[in-house]
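Engineer: Quick note on my numbering: the sequence shown kicks off at 18 and runs consecutively.
Glycine included, each C-beta is placed from N, C-alpha and C at the ideal position.
Structure below; questions to follow.
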Amino acid sequence: MKKKTKIIIASLLILVLLLFVPIPTGRYKDGGTRMYTALTYKIVKWQVLVDKGGRYENTSVFLYPDNFKSYEELWELEKEKNAVDG
Numbered sequence: 018m019k020k021k022t023k024i025i026i027a028s029l030l031i032l033v034l035l036l037f038v039p040i041p042t043g044r045y046k047d048g049g050t051r052m053y054t055a056l057t058y059k060i061v062k063w064q065v066l067v068d069k070g071g072r073y074e075n076t077s078v079f080l081y082p083d084n085f086k087s088y089e090e091l092w093e094l095e096k097e098k099n100a101v102d103g
């Protein structure tokens with residue numbers, strides 16, 4: 018293989034990794050919520066303590082452009098989507 022071809026393949030591989038491989042980006046003290054972020058999406062494993070001693074557990078995937086929203090904004094979206102109290 019030519020050197021140029023190897024450089025192009027390596028560059029494309031790095032680009033794919035950056036776009037699609039999630040990296041752990043946060044652990045919150047709300048009950049144990051964890052967040053994993055890639056450039057094109059965000060995965061949130063919700064474990065939130067809610068009213069009346071309950072616990073909300075779910076896994077959500079937020080695609081672009083929602084993946085750039087803050088934890089608080091994502092929690093509001095999640096509450097609206099699933100009618101969570103708290």
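1. Do N84 and K59 have their C-beta atoms within less than 8 Å of each other?
2. Quick test of your reading: V101 and V67, contact by CB under 8 Å. State the CB separation rounded to the nearest angstrom.
3. Express the C-alpha separation of V38 and L29 in angstroms, rounding to a whole number.
4. Can you tell me which residues form a DSSP beta bridge with M117?
5. Please state if the CB of L56 and the CB of L80 are separated by a distance shorter than 8 Å.
6. Where do the ends of the beta strand (DSSP E) carrying Y73 lie?
7. For R51, which residues of its own chain have a beta-carbon under 6 Å away from its beta-carbon, when the five flanking residues on both sides are left out?
8. So, for P41: in the same chain, excluding its five sequence neighbours on each side, which residues have a beta-carbon less than 6 Å away from its beta-carbon?
Structural biologist: Let's see:
1. yes
2. 6 Å
3. 14 Å
4. The requested residue 117 is not part of the displayed model; the chain covers only 18 to 103.
5. no
6. 71-80
7. R44, K62
8. Y53
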